[in-house]
């Protein structure tokens, strides 16, 4: 049995509607889970009707490959620890990009079937685009994975002449695309050059990006994976790929934009400049005031409002569960507890929210930056857990600081600030933090998880 | 003409995407991203068509590999999004709605 193209295209319209509603519902916590189910239903419809298309002659290959992929995907999704979510998302992104690259590549062969006539320049350009965007997404995501999983250094990798090399790669890509479109052949040298340069470009685009800028890159790669599917859709003339791909592309761009705004930097600045290379911040002088768990407990016990400010350090220390425990004990003790989340805290958009949700913190206790800042002057204790740049007052006060202008959570305005920190090293951006020397700041040195567990024990004690 | 028609679809879908996503609370940024990522696995449709058409042995293999990568993306993406969303809960309100 096979379905006519008209029926298939109508089914694609239904799938597109389900994707649209699915995305819409993902925008609100109450409906998000159903939205995801709707969107997966749309995907199922699109896949099933495609399998019944007249164009598909053989199922054996397909089933084997699809089962292998589905098993890998399902296992990865089930087994991954919540703290490893950023690198998991990067890998899924990369496999989507690789798939689009391969679809574009395979589409090239369709152009040279007997009786096809000369391939049109438009289709050839879209094939080149799906190979380019798909390739950048695939290799870029792989590098992002390497950085996030710390298989390789998570810092920015910069070398002199980097811009020149990148410009040459771009020129090479444009040149080889032009040559390939003018003289299209399967296995032409220009095609291989294009494919190779696309993969190299993905690597070069991600290596200069430091750990703290990862949320921008992850959401940008997410956008690319959509655009790659979109380009593949043009290459094979398929509506649903174009619609779904561009929805994802647009969604990813918006997230990227939110991330950039949260750092007060332009996308170009994140992508092309090694961080902090331009200005040197004024050196910070002063004395840090350490505190021990016992004294911190006494202050917390008397506090009537407490705000937790988590950062990547909480993820590293896996401290989210003990943080929730301490939060509950403080509430029992009569304090008002909330969690202040900076948009770029962690390594991907919404990273802290996912971790705290895993630890069973209700999402209505998580407060966004703009809503918590007016409340901080009336907060008794702000507890900074493994966050640094997002609470650095230099962003507000020191015009010479590389992060000057970045919106921050103003914990220094709280009556008392506890900073949980391993040692006195500076944050990812390598910027000194005057917060540590503040009059009302107390440094609680040591592993965040152990310090918090200590506080929990005191409360229970 | 087909190029123009497809470009129209592209333009409208991009505007729609911007409209749909513009106001998402930060809490949902990660699930939104991974949910959208699963949708970008739609490229599986193209992969199925390339793999099943049997025009050319090379195209079939490329298509087959594409099917594998795309199904990792689709299955993994949707499941992991669901797993995350299942954890989000309101205060005193059991599991996520």
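Residue numbers (this note's numbering), protein chains in the order written: chain L, 1 to 461; chain Z, 1001 to 1097. All C-beta atoms in this analysis are idealised placements derived from N, C-alpha and C, irrespective of residue type, glycine included.
message: Tell me whether residue 397 of chain L, by its Cβ, gets closer than 8 Å to a heavy atom of the ligand NAP.
response: The ligand NAP is not part of this structure, which contains no ligands at all.
- prompt: Got a sec: is the Cβ-Cβ distance from residue 10 of chain L to anything in chain Z below 9 Å?
  reply: Not one chain Z Cβ lies under 9 Å of residue 10 of chain L.
message: Does the segment 38-53 of chain L come into contact with the segment 99-107 of chain L, if we say contact requires no fewer than three beta-carbon pairs (one atom in each stretch) closer than 8 Å?
response: no
- prompt: So the beta strand (DSSP E) residue 362 of chain L belongs to, where does it begin and stop?
  reply: Premise fails: residue 362 of chain L is in no beta strand (DSSP E) and is neither H nor E.
- request: Determine the closest residue to residue 139 of chain L out of L:94, L:173, L:334, L:30, with distance taken between C-alpha atoms.
  value: L:94
field: Selected residue, minimal CA-CA separation from residue 361 of chain L, among L:394, L:320, L:342, L:124
entry: L:320
query: Mind pulling the chain Z residues with CB within less than 7 Å of residue 100 of chain L?
result: 1043
query: Can you tell which of L:377, L:311, L:316 has the C-alpha that lies nearest to the C-alpha of residue 346 of chain L?
result: Ranked by Cα distance from residue 346 of chain L, the first of L:377, L:311, L:316 is L:311.
query: Buried or exposed: where does residue 343 of chain L fall if 16 or more other Cβ atoms within 10 Å of its Cβ makes it buried?
result: buried
- prompt: Hey, quick one: how far does the alpha helix (DSSP H) through residue 241 of chain L stretch, first residue to last?
  reply: Its alpha helix (DSSP H) spans residues 239-262.
Integer Cβ distance of residue 251 of chain L from residue 1032 of chain Z, believed to fall under 8 Å: Contact flag correct, Cβ pair sits at about 7 Å.
- prompt: Roughly how far, in whole angstroms, is the beta-carbon of residue 82 of chain L from the beta-carbon of residue 147 of chain L, given that I think they are within contact range, below 8 Å?
  reply: The Cβ separation is near 19 Å, so there is no contact.
message: Could you check whether residue 324 of chain L and residue 359 of chain L sit closer than 9 Å to each other, using their CB atoms as the reference points?
response: For residue 359 of chain L and residue 324 of chain L, yes; Cβs fall inside 9 Å.
query: For residue 125 of chain L, which residues of its own chain have a beta-carbon under 8 Å away from its beta-carbon, when the five flanking residues on both sides are left out?
result: 177, 181
- request: Between the Cα of residue 404 of chain L and those of L:373, L:265, L:145, L:289, spot the shortest distance and give me the residue it belongs to.
  value: L:265
query: Do you know offhand how far residue 1021 of chain Z's Cα is from residue 254 of chain L's?
result: 7 Å
Rounded C-alpha distance that separates residue 1091 of chain Z from residue 363 of chain L: Taking the straight line from one Cα to the other gives about 7 Å.
query: Alpha carbon to alpha carbon, what distance is there between residue 437 of chain L and residue 1036 of chain Z?
result: Each residue's alpha carbon lies about 43 Å from the other.
task: Leaving aside the five residues before and after residue 32 of chain L along the sequence, list all residues of the same chain whose C-beta is less than 6 Å from its C-beta, in chain order.
output: Same-chain partners within the cutoff: 26.
query: Should residue 194 of chain L and residue 173 of chain L be called a contact, given that it needs their Cβ atoms to be closer than 9 Å?
result: yes
- prompt: Cβ atoms of residue 248 of chain L and residue 269 of chain L: under 9 Å apart, would you say?
  reply: no
Enclosing beta strand (DSSP E) for residue 369 of chain L [first to last residue]: Here residue 369 of chain L belongs to no beta strand (DSSP E); instead the alpha helix (DSSP H) covers 369-372.
query: Quick one: does residue 1097 of chain Z have its CB under 9 Å from some CB of chain L?
result: Confidence at residue 1097 of chain Z is low in this model, with a pLDDT of 38, below 50, so its placement is unreliable and no value can be given for it.
message: Can you give me the C-alpha to C-alpha distance between residue 331 of chain L and residue 459 of chain L, rounded to a whole angstrom?
response: Approximately 11 Å between the Cα atoms of the pair.
- prompt: CA-CA distance, residue 434 of chain L and residue 259 of chain L?
  reply: 24 Å
query: Does the segment 186-193 of chain L come within contact of the segment 225-243 of chain L, defined as at least 3 CB pairs closer than 8 Å?
result: no
Chain-order list of residues whose beta-carbon lies under 8 Å from that of residue 381 of chain L (same chain, five-residue window excluded): 299, 300, 303, 305, 306, 307, 414, 415, 416, 417, 418
query: Roughly how many whole angstroms lie between the Cα atoms of residue 337 of chain L and residue 411 of chain L?
result: Residue 337 of chain L and residue 411 of chain L have their alpha carbons spaced roughly 15 Å apart.
message: Measuring alpha carbon to alpha carbon, tell me which residue in Z:1069, Z:1072, Z:1003, Z:1078 is nearest residue 23 of chain L.
response: Z:1078
task: Kindly list the residues whose CB is nearer than 6 Å to the CB of residue 21 of chain L, restricted to its own chain and excluding five residues on each side of it in sequence; keep chain order.
output: 38
query: Considering residue 339 of chain L, what are the terminal residues of the beta strand (DSSP E) in which it resides?
result: Start and end: 336-341.
- request: Using DSSP bridges, identify the partner residues of residue 442 of chain L.
  value: L:418
query: Taking C-alpha atoms, which residue in L:400, L:70, L:30, L:56 lies nearest to residue 1041 of chain Z?
result: L:70
query: Can residue 1070 of chain Z and residue 1043 of chain Z be called in contact, C-beta distance under 9 Å?
result: Yes; because the gap between Cβ atoms is below 9 Å, this pair is in contact.
Same chain only: Cβ atoms within 8 Å of residue 386 of chain L, ignoring 5 sequence neighbours per side: 310, 311, 312, 313, 314, 315, 316, 317, 319, 420, 421, 448
- prompt: Are the CB atoms of residue 349 of chain L and residue 209 of chain L nearer to each other than 9 Å?
  reply: no
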